[in-house]
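Peer 1:
Number of protein chains: 2
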Amino acid sequence: MGAYTGLSAFPITPCDADGRLDAAHLRRLLAPLVEAGVDSIGLLGSTGTYAYLTREERRRTVTVAAEAVAGRVPLLVGIGALRTDEAIRLAQDAKAAGATAGLLAPVSYTPLTEDEVFAHFAAVAEEGGLPLVIYDNPATTHFRFTPSLIGRLARLPGVVAAKCPGPAPEEAAQTVAHLREAVPEGFPLGFSGDWNATEALIEGGDAWYSVAAGLFPEPCLAIVRAVQAGDAARARSLDGAMAPLWDLFKAHSSLRIVHALAGAIPPRPILPLPEEVRARALAAVTRLEGRAPAR
Amino acid sequence: MGAYTGLSAFPITPCDADGRLDAAHLRRLLAPLVEAGVDSIGLLGSTGTYAYLTREERRRTVTVAAEAVAGRVPLLVGIGALRTDEAIRLAQDAKAAGATAGLLAPVSYTPLTEDEVFAHFAAVAEEGGLPLVIYDNPATTHFRFTPSLIGRLARLPGVVAAKCPGPAPEEAAQTVAHLREAVPEGFPLGFSGDWNATEALIEGGDAWYSVAAGLFPEPCLAIVRAVQAGDAARARSLDGAMAPLWDLFKAHSSLRIVHALAGAIPPRPILPLPEEVRARALAAVTRLEGRAPAR
Chain A
5 MGAYTGLSAF PITPCDADGR LDAAHLRRLL APLVEAGVDS IGLLGSTGTY AYLTREERRR
65 TVTVAAEAVA GRVPLLVGIG ALRTDEAIRL AQDAKAAGAT AGLLAPVSYT PLTEDEVFAH
125 FAAVAEEGGL PLVIYDNPAT THFRFTPSLI GRLARLPGVV AAKCPGPAPE EAAQTVAHLR
185 EAVPEGFPLG FSGDWNATEA LIEGGDAWYS VAAGLFPEPC LAIVRAVQAG DAARARSLDG
245 AMAPLWDLFK AHSSLRIVHA LAGAIPPRPI LPLPEEVRAR ALAAVTRLEG RAPAR
Chain B
5 MGAYTGLSAF PITPCDADGR LDAAHLRRLL APLVEAGVDS IGLLGSTGTY AYLTREERRR
65 TVTVAAEAVA GRVPLLVGIG ALRTDEAIRL AQDAKAAGAT AGLLAPVSYT PLTEDEVFAH
125 FAAVAEEGGL PLVIYDNPAT THFRFTPSLI GRLARLPGVV AAKCPGPAPE EAAQTVAHLR
185 EAVPEGFPLG FSGDWNATEA LIEGGDAWYS VAAGLFPEPC LAIVRAVQAG DAARARSLDG
245 AMAPLWDLFK AHSSLRIVHA LAGAIPPRPI LPLPEEVRAR ALAAVTRLEG RAPAR
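So the protein sequences, as listed, match chains A and B.
Numbering (our numbering) for the first sequence: 5 to 299.
Numbering (our numbering) for the second sequence: 5 to 299.
1. Provide the residue(s) that pair with alanine 303 (chain B) in DSSP beta bridges, ordered along the chain.
2. Any beta carbon from chain B within less than 8 Å of tyrosine 113 (chain A)'s own beta carbon?
3. Considering only the beta carbon of each residue, do proline 223 (chain A) and asparagine 200 (chain A) sit closer than 8 Å?
4. Can you have a look at alanine 7 (chain B) and say buried or exposed, based on whether 16 or more other CB atoms are within 10 angstroms of its CB?
5. So is proline 271 (chain B) in contact with chain A if we call contact Cβ pairs under 8 Å?
6. Does any residue of chain C bring its CB to less than 8 Å from the CB of leucine 259 (chain B)?
7. Is the separation between the beta-carbon of glycine 106 (chain A) and that of leucine 134 (chain A) shorter than 8 Å?
8. Would you say histidine 263 (chain A) lies against chain B (beta-carbon separation less than 8 Å)?
9. Nearest-angstrom Cα distance between glutamate 279 (chain B) and leucine 94 (chain A)?
10. Counting only C-beta atoms, is aspartate 198 (chain A) closer than 8 Å to chain B at any point?
11. Given that aspartate 119 (chain B) touches chain A, what residues does it touch there, using C-beta distances under 9 Å?
12. For arginine 143 (chain A), which residues in chain B fall below 7 Å Cβ to Cβ?
13. Could you pull out every residue in the same chain whose Cβ sits closer than 6 Å to the Cβ of glycine 102 (chain B), ignoring the five residues on either side in sequence?
14. At the level of alpha carbons, what is the spacing between arginine 295 (chain B) and glutamate 120 (chain A)?
15. Look up valine 215 (chain A) in the DSSP assignment and say whether it is helix, strand or coil.
16. DSSP on cysteine 105 (chain B), reduced to helix/strand/coil?
17. Which residues, taken in chain order from the region 11–31 of chain A, show a beta carbon closer than 8 Å to some beta carbon of chain B?
18. Going along the region 77–100 of chain B in order, which residues come within less than 7 Å of chain A, judged by CB to CB distance?
19. Aspartate 243 (chain B): buried (16+ other C-beta within 10 angstroms of its C-beta) or exposed?
20. Comparing alpha-carbon positions, which option in B:Glu207, B:His256, B:Phe195 lies nearest serine 214 (chain B)?
21. Answer with yes or no whether the minimum CB distance from arginine 295 (chain B) to chain A is below 8 Å.
22. Put arginine 295 (chain A) into one of helix, strand or coil per three-state DSSP.
23. Specify, as a first and last residue, the run of the beta strand (DSSP E) that alanine 13 (chain A) falls within.
24. Would glycine 52 (chain B) pass as a contact of proline 15 (chain B) if the rule is Cβ separation under 8 Å?
25. Output the distance between the C-alpha atoms of glycine 170 (chain A) and arginine 184 (chain A), rounded to the nearest integer angstrom.
26. What residues match up with cysteine 19 (chain A) in a beta bridge as DSSP calls it?
27. Can you say whether leucine 57 (chain B) is buried or exposed, counting buried as having 16 or more other CB atoms within 10 angstroms of its CB?
28. For the beta strand (DSSP E) that contains glycine 84 (chain B), what are its first and last residues?
29. Under the three-state reduction of DSSP, which class applies to isoleucine 45 (chain B): helix, strand or coil?
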């Protein structure tokens with residue numbers, strides 16, 4: 005498996021209330037991912053609260069993770085920022101700290117045009133010096149990529165893969181086909197939104213960028229390996245077993261749920277979930293693995 | 005007029021490509037606002053690109069502006085940030101530099117809940133030490149305030165006014181009435197979105213938070229004074245004369261148009277407008293004032 009296919013596990017970035025990394029906790033989260041054999045690790049993704057951390061803390065997070073992973077698993081690192089010059093600096097930092105590639109989301113405050121997003125990616129790809137994964141997450145960036153823009157970006161030197169929002173199951177075949185038509189042959193197309201990922205994989209997606217896999221790599225790997233073995237029925241059955249977790253992700257956001265499950269606090273203004281919801285989340289996951297997630 | 009009624013003029017924050025304030029240019033933009041007699045100045049609003057500037061540069065901007073304005077006009081300062089602790093620091097900085105109040109937008113990456121926004125405002129109001137104006141701009145923050153939440157926030161100690169998106173003219177009466185019912189008697193309700201502001205004022209809004217007034221205070225003041233004098237027909241006629249500018253704001257965003265008109269570059273990834281659009285914008289405003297805007 006390459007760095008942009010299969011299962012990419014997205015851990016949280018455990019921090020204190022001031023946004024300082026808890027390095028020991030991060031190492032405890034990373035060890036089982038390496039051990040389980042995930043195909044890549046997505047550090048500082050949306051769930052890894054990259055948008056809320058300073059450049060210094062992000063650099064420290066990559067450094068700690070690169071040392072912990074020690075080259076055994078490709079490390080994809082969120083380098084998104086509101087300013088183009090800051091995203092370039094973050095790409096350079098991540099490269100220097102040992103990242104395999106950067107995850108670049110078009111973070112926006114003023115809504116951006118297609119031309120602006122294209123120029124942003126071109127500048128970061130050229131000046132950042134790090135291979136880039138297009139990070140399409142309209143729920144957080146509020147920018148909507150068209151397949152045509154994904155296709156243009158996929159032809160930029162240094163743009164190596166795309167992470168797209170998982171389409172609703174009934175639209176998975178068409179969405180994957182439209183994206184596939186837009187990008188060059190062999191360009192890896194992956195999907196996020198855990199509850200929609202299995203169908204996107206079955207319909208030809210190359211990777212699952214997974215929040216759940218950041219805490220529960222084994223059941224997520226089982227789904228991916230079933231799809232890769234051509235056993236869609238088994239993949240769907242395993243995915244069905246995770247439905248209680250997906251329901252909680254949809255109701256409270258995957259970010260809030262996995263922070264609660266990992267015993268970590270999200271950055272304020274995001275509030276910890278009420279104890280009652282956390283208890284339901286713990287109940288939902290006790291059957292997923294023989295052991296509790298790393299705390 | 006109080007600090008939260010009448011015309012609030014929102015200038016851009018002229019910066020170089022690295023996001024460093026051009027202090028001389030800012031002074032040239034502020035002088036005509038003071039001279040025209042606007043009721044307040046909205047520094048570091050969305051159009052003032054607060055979201056793209058460092059804490060240090062934002063502090064410098066408030067310091068330069070406070071010195072230039074020298075207490076002659078109330079200074080409302082954007083203190084929004086993704087993190088609650090950072091917004092508190094920005095409020096403290098703005099207060100120390102001489103701001104009258106802070107404009108607090110619920111900047112988001114992970115979509116926020118009502119409870120999270122309420123707790124964010126309560127923390128910044130209490131720990132920031134600066135009176136707060138609720139800054140409701142769903143086009144940039146992607147958070148939608150309900151009248152009920154505005155009403156709850158309006159009762160927090162230290163929350164002194166609200167800046168709401170100007171409703172479509174046909175909904176202005178109802179929107180202003182719903183907000184008025186939600187807030188305590190006398191709580192100032194102002195509106196932004198220049199092309200919708202006149203009707204909101206006519207229907208009882210207390211203030212116009214205006215991007216256009218940051219470059220063209222006189223024609224905007226004439227509209228506000230006409231409404232205050234009870235002459236809705238004259239206000240509508242003056243507003244109609246600005247329609248070519250409103251059309252450009254709607255097509256290209258007010259931020260891009262006023263940067264082009266002021267001869268300033270927006271922060272990348274936002275790109276300068278093509279020369280052809282800039283020429284149309286200049287043509288649209290030559291009739292608004294006898295002189296070109298401060299460059």
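Just so you know, even glycine gets a beta-carbon here, dropped at the ideal spot from N, CA and C.
Peer 2: Result, derived from the coordinates:
1. Only positions 5 to 299 of chain B appear in the structure, and residue 303 (chain B) is not among them; the question remains open.
2. yes
3. Result no, Cβ atoms of proline 223 (chain A) and asparagine 200 (chain A) do not sit closer than 8 Å.
4. Counting Cβ neighbours within 10 Å, alanine 7 (chain B) comes out buried, since at least 16 surround it.
5. Taking a beta-carbon distance threshold of 8 Å, proline 271 (chain B) counts as an interface residue toward chain A.
6. Of the protein chains in the structure, A and B, none is chain C.
7. yes
8. no
9. Each residue's alpha carbon lies about 32 Å from the other.
10. no
11. Leu275
12. Note that residue 143 (chain A) is alanine in the sequence shown, not arginine. Those within 7 Å of alanine 143 (chain A) in chain B are Pro115.
13. Ala70
14. The pLDDT assigned to arginine 295 (chain B) is 48, lower than 50, so where the model puts this residue is not dependable, and the model offers no usable value.
15. The answer is coil: DSSP assigns valine 215 (chain A) none of H, G, I, E or B.
16. Cysteine is not the amino acid found at residue 105 (chain B); the sequence shown has alanine there. Three-state result, alanine 105 (chain B): strand.
17. Ala21, Asp22, Gly23
18. Those residues of the region 77–100 of chain B that come within reach of chain A (Cβ to Cβ, closer than 7 Å) are Leu86, Arg87, Thr88, Asp89.
19. Answer is buried; the Cβ neighbour count reaches 16.
20. B:Phe195
21. In this predicted model, arginine 295 (chain B) has a pLDDT of only 48, less than 50, meaning its place in the structure is not dependable; the value taken from the coordinates is given anyway. So no, arginine 295 (chain B) is outside the interface.
22. Confidence is the limiting factor: at arginine 295 (chain A) the pLDDT is only 48, short of 50, which leaves the residue's position unreliable, though a coordinate-based value still follows. Here arginine 295 (chain A) sits in coil by DSSP.
23. From DSSP, the beta strand (DSSP E) with alanine 13 (chain A) extends over 10–13.
24. yes
25. Distance between the alpha carbons of glycine 170 (chain A) and arginine 184 (chain A) is about 14 Å.
26. Note: cysteine 19 (chain A) sits in a beta bridge opposite A:Leu25.
27. buried
28. Here glycine 84 (chain B) belongs to no beta strand (DSSP E), and DSSP marks it neither H nor E.
29. strand
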